[in-house]
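Colleague:
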Amino acid sequence: TVGCVAVDAAGNLATATSTGGLVNKMAGRIGDTPVVGAGTYANALCAVSATGKGEEIIRHTVARDVAALMEHRGLPLRDAAARVVAGAPRGTVGLVAVSRGGEVCMAHNTTAMFRACATEAGHAEVGIW
Amino acid sequence: MGWALALHGGAGDVPRTLPPELREPRLATLRRCLDLGTAALRDGRAALDVVELVVRPPSPSPTPRSPASPGGAARVHVRPGPTPTGLLTVCGDVACRCGSWRTARTSTPAGAPCSPPTAPSRWRRASWRAPPCAAAPSRASPPSPTPSRSPGSSWRGRRTSTSPSTAPRPSPGTRYAVRGCALVNRDVMRACSSIGVETKDPSHFITEHNIERLRQAKEANRVQIDYTQPLKGQQTPQETPAPIPTDDNSQTG
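Protein chains in written order, with our numbering: chain A, 951 to 1079; chain B, 54 to 306.
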């Protein structure tokens, strides 16, 4: 599986999620679920791509919740993402997100998440656990 | 603060004891994807172009990275089937979304109709009912023998190639149930061929690794999943997490 979120130099936000999701799952099981609003969401504030156990991502509308907390509570990206990931059952959700201002967040409550990020300011990270 | 990019390659119980020969290729693939995306952003490309570029495989990669990667462990399932190599299923559904589409609701509704004006009426109705994603782009059996190499491109191509002005206008009073479209299976293949998305022969997706996993599953007569515990006497090295407790069906379904 792979998911990607980006904000370009003009501040445009976009996300793409391909299903695959929770490693070690059976054929035919729901993966990340690229359904917009569940595992994939972008608006003028942020772009989010979630991965993990599809059923939980759908139940918690993970990607949209992050955007909603930013939109309606005024939370920064990192707090919004941490709140949504903490609210999902342990071991089921991971997400990557960027905000319009170029803030990057990679949160997961699983043992691991294959992830990487980079910003124009020079910050870069690649990790698994 | 300028451009930024983040990507993931799946989450779950990846054991910390993952051997270097399995860990390093995955980290290298993450770095390669990151370099691909950052180079595009540095060139001033739009965010939507960049996310699509990253989820599309630039070149065959032995590690799971995208639905179209040959042998992507979580996406390509080779099951006993009518052909010697079994029945191929590529679970390649994908969705893209651009932040500004929401603001563009009046001109191009999010999930705008993606059915070409000439689509059969049956398909058009189907396209009204589901969220914008493309799924199951392939079956190794007629009439769609050649799988789509990149579900993401097929979906985006379909979405951008149909402008509202050419999309069929519903008769006044038609209710929108859900604004969006779902292209599944044969429909995806039809969409791919109509917009020239690159497709591959099913053999492109099947690797020795898949065939070996199918052989082990048949031999053990049990589900074989990415990090299955090796059975006693099996020679092939396995990523060795703790076995899945039999009463926990959260991962095996």
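The beta carbon of each residue, even a glycine, is placed where N, CA and C say it ideally should be.
Ignoring anything shorter than 4 residues or poking outside the segment 979–1058 of chain A, list the alpha helix (DSSP H) runs there in chain order.
Modeller: Correct list: 1004–1010, 1012–1018, 1027–1037.
Colleague: DSSP state of B:H61, grouped into three classes?
Modeller: As a position in the second sequence, residue 61 of chain B is number 8, starting the count at 1. Correct three-state label for B:H61: strand.
Colleague: Name, going along the chain, the residues of the segment 1054–1070 of chain A whose beta-carbon falls closer than 7 Å to a beta-carbon of chain B.
Modeller: Under the 7 Å Cβ criterion, the segment 1054–1070 of chain A contributes V1054, M1056, H1058, T1060, T1061, A1062, M1063, F1064, R1065, A1066, C1067, A1068, T1069, E1070.
Colleague: Are at least three pairs of beta-carbons, each pair with one atom in the segment 1017–1027 of chain A and one in the segment 74–94 of chain B, less than 8 Å apart?
Modeller: No, the segment 1017–1027 of chain A does not touch the segment 74–94 of chain B.
Colleague: Do you know offhand how far A:A960's Cα is from A:G1051's?
Modeller: The residue given as residue 960 of chain A occupies position 10 in the first sequence. The residue given as residue 1051 of chain A occupies position 101 in the first sequence. Their backbone Cα atoms lie some 10 Å apart in a straight line.
Colleague: My assumption, with CB atoms under 8 Å, is that A:T967 sits in contact with B:A148. Please give the rounded CB distance.
Modeller: Mapped onto the first sequence, residue 967 of chain A falls at position 17. Mapped onto the second sequence, residue 148 of chain B falls at position 95. Between B:A148 and A:T967 the Cβ distance is about 6 Å, and since that is below 8 Å, they are a contact.
Colleague: For A:V955, decide whether its Cβ has a neighbour in chain B, counting only Cβ atoms nearer than 7 Å.
Modeller: By one-based count along the first sequence, residue 955 of chain A stands at place 5. Cβ-Cβ to chain B under 7 Å: yes for A:V955.
Colleague: Is the CB of B:P262 under 7 Å away from at least one CB in chain A?
Modeller: Start at 1 with the first residue of the second sequence, and residue 262 of chain B comes out as number 209. Per the sequence presented here, residue 262 of chain B reads as His, with Pro not at that position. Not an interface residue.
Colleague: If you follow the beta strand (DSSP E) that A:L963 is part of, which residue opens it and which one closes it?
Modeller: Sequence index remark: in the first sequence, residue 963 of chain A carries index 13 (1-based). Run containing A:L963: 963–968, per the beta strand (DSSP E) assignment.
Colleague: Distance, Cα to Cα, B:R243 vs B:E272?
Modeller: Counted from its first residue, the second sequence places residue 243 of chain B at position 190. Counted from its first residue, the second sequence places residue 272 of chain B at position 219. Distance between the alpha carbons of B:R243 and B:E272: 37 Å.
Colleague: Among B:A270, B:N274, B:P72, B:G62, whose alpha-carbon lies nearest the alpha-carbon of A:M1056?
Modeller: The count along the first sequence starts at 1 and reaches residue 1056 of chain A at position 106. Of the candidates B:A270, B:N274, B:P72, B:G62, the one whose C-alpha sits nearest the C-alpha of A:M1056 is B:G62.
Colleague: Tell me where the beta strand (DSSP E) around B:T28 begins and ends.
Modeller: Here chain B comprises residues numbered 54 to 306, so residue 28 of chain B is not present and cannot be evaluated.
Colleague: Going by Cα to Cα distance, which pick from A:T1060, A:S1049, A:N1059 is closest to A:C1067?
Modeller: Your numbering for residue 1067 of chain A matches position 117 in the first sequence. For A:C1067, the nearest C-alpha among the options comes from A:S1049.
Colleague: Determine which residues share a DSSP beta bridge with A:V952 and list them.
Modeller: The sequence position of residue 952 of chain A within the first sequence is 2, counting from 1. Its beta-bridge partners are A:S968.
Colleague: Within its chain, find whatever has a CB closer than 6 Å to the CB of A:I1152; leave out the 5 residues flanking it on each side and keep chain order.
Modeller: Because residue 1152 of chain A is not part of the residues shown, which for chain A are 951 to 1079, the question remains open.
Colleague: Whose Cβ in chain C lies nearer than 8 Å to the Cβ of A:D958?
Modeller: Checking the listed chains, one finds no chain C in this structure; the protein chains it contains are A and B.
Colleague: Answer with buried or exposed for B:R266, where buried requires no fewer than 16 other C-beta atoms within 10 angstroms of its C-beta.
Modeller: Counting from 1 along the second sequence, the entry for residue 266 of chain B is found at position 213. Classification for B:R266: buried.
Colleague: In whole angstroms, what is the alpha-carbon distance linking A:H1058 and A:A1036?
Modeller: Residue numbering aside, residue 1058 of chain A sits at position 108 when the first sequence is read from its first letter. Residue numbering aside, residue 1036 of chain A sits at position 86 when the first sequence is read from its first letter. About 9 Å.
Colleague: Cβ closer than 8 Å: which chain B residues qualify as neighbours of A:P1026?
Modeller: The count along the first sequence starts at 1 and reaches residue 1026 of chain A at position 76. The premise fails here: A:P1026 is roughly 12 Å from chain B at the closest Cβ pair, so nothing lies under 8 Å.
Colleague: Could you confirm whether any beta carbon from chain B is found closer than 7 Å to the beta carbon of A:G1037?
Modeller: The residue labelled residue 1037 of chain A in the question sits at position 87 within the first sequence. Not one chain B Cβ lies under 7 Å of A:G1037.
Colleague: On the premise that A:A997 lies in contact with A:A964, defined as a C-beta separation below 8 Å, what is that separation, rounded to the nearest angstrom?
Modeller: Numbered from 1 along the first sequence, position 14 holds the residue referred to as residue 964 of chain A. Numbered from 1 along the first sequence, position 47 holds the residue referred to as residue 997 of chain A. Indeed, because the Cβ distance is near 6 Å, the residues count as touching under 8 Å.
Colleague: For A:V1080, return the contacting residues in chain B, with the cut-off set at a CB-CB distance below 7 Å.
Modeller: Any answer about residue 1080 of chain A is impossible in this case: the structure gives chain A only from 951 up to 1079.
Colleague: From A:V1054 to B:E105, what distance separates their C-alpha atoms?
Modeller: As a position in the first sequence, residue 1054 of chain A is number 104, starting the count at 1. As a position in the second sequence, residue 105 of chain B is number 52, starting the count at 1. Each residue's Cα considered, the two are about 18 Å apart.
Colleague: Would you list, in chain order, the members of the segment 70–82 of chain B that have their beta-carbon closer than 9 Å to a beta-carbon of chain A?
Modeller: Result list: L71, R76, R79, L80, T82.
Colleague: Can you give me the Cβ contacts of A:A1030 inside the same chain, cut-off strictly under 6 Å, excluding the 5 residues immediately before and after it?
Modeller: Locating residue 1030 of chain A in the first sequence gives position 80, where the first residue counts as 1. Closer than 6 Å at Cβ, skipping near neighbours: V1016, L1019, M1020.
Colleague: Give me the Cα-Cα distance between B:D96 and A:A992, rounded to the nearest whole angstrom.
Modeller: Residue numbering aside, residue 96 of chain B sits at position 43 when the second sequence is read from its first letter. Residue numbering aside, residue 992 of chain A sits at position 42 when the first sequence is read from its first letter. Their backbone Cα atoms lie some 22 Å apart in a straight line.
Colleague: Could you list which residues in chain B have their beta carbon closer than 8 Å to that of A:G1051, in chain order?
Modeller: Your numbering for residue 1051 of chain A matches position 101 in the first sequence. Here the neighbours are M54.
Colleague: Which value, in whole angstroms, describes the spacing of the CA atoms of B:N263 and A:V1076?
Modeller: Stepping through the second sequence from its first residue, residue 263 of chain B is reached at position 210. Stepping through the first sequence from its first residue, residue 1076 of chain A is reached at position 126. Rounded to whole angstroms, B:N263 to A:V1076 spans 27 Å at the Cα level.
Colleague: Provide the residue(s) that pair with A:V1076 in DSSP beta bridges, ordered along the chain.
Modeller: In the first sequence, counting from the first residue as 1, residue 1076 of chain A sits at position 126. Paired residue(s): A:A1066.
Colleague: Please classify B:R98: does DSSP put it in a helix, a strand, or coil?
Modeller: Here residue 98 of chain B refers to the residue found at position 45 when the second sequence is read from its first residue. Coil, per DSSP.
Colleague: Using beta carbons (cut-off 7 Å, strictly below), is A:V952 in contact with chain B?
Modeller: Taking the first sequence and counting its residues from 1, one reaches residue 952 of chain A at position 2. Taking Cβ atoms only, chain B reaches closer than 7 Å to A:V952, which makes this a yes.
Colleague: For B:A193, count neighbouring Cβ atoms within 10 angstroms of its own Cβ and tell me buried if that reaches 16, exposed if not.
Modeller: Against the second sequence, residue 193 of chain B aligns to sequence position 140. In this prediction, B:A193 has a pLDDT of 32, which is less than 50 and means its spatial position is unreliable; what the coordinates show is noted afterwards. Burial call: buried.
Colleague: Hey, how far is the Cα of A:E1005 from the Cα of B:S246?
Modeller: To locate residue 1005 of chain A, count along the first sequence from 1; it is residue 55. To locate residue 246 of chain B, count along the second sequence from 1; it is residue 193. Their backbone Cα atoms lie some 32 Å apart in a straight line.
Colleague: In chain order, what residues of the same chain lie with their CB nearer than 6 Å to the CB of A:G1044, ignoring the 5 residues before and after it?
Modeller: As a position in the first sequence, residue 1044 of chain A is number 94, starting the count at 1. Contacts found: T1001, G1002, H1058, T1060, M1063.
Colleague: What does a CB cutoff of less than 8 Å around B:L87 pick up in its chain, not counting 5 residues either side in sequence?
Modeller: Along the second sequence, read from residue 1 onward, the residue named residue 87 of chain B stands at position 34. Only L58, L60 meet the Cβ criterion.
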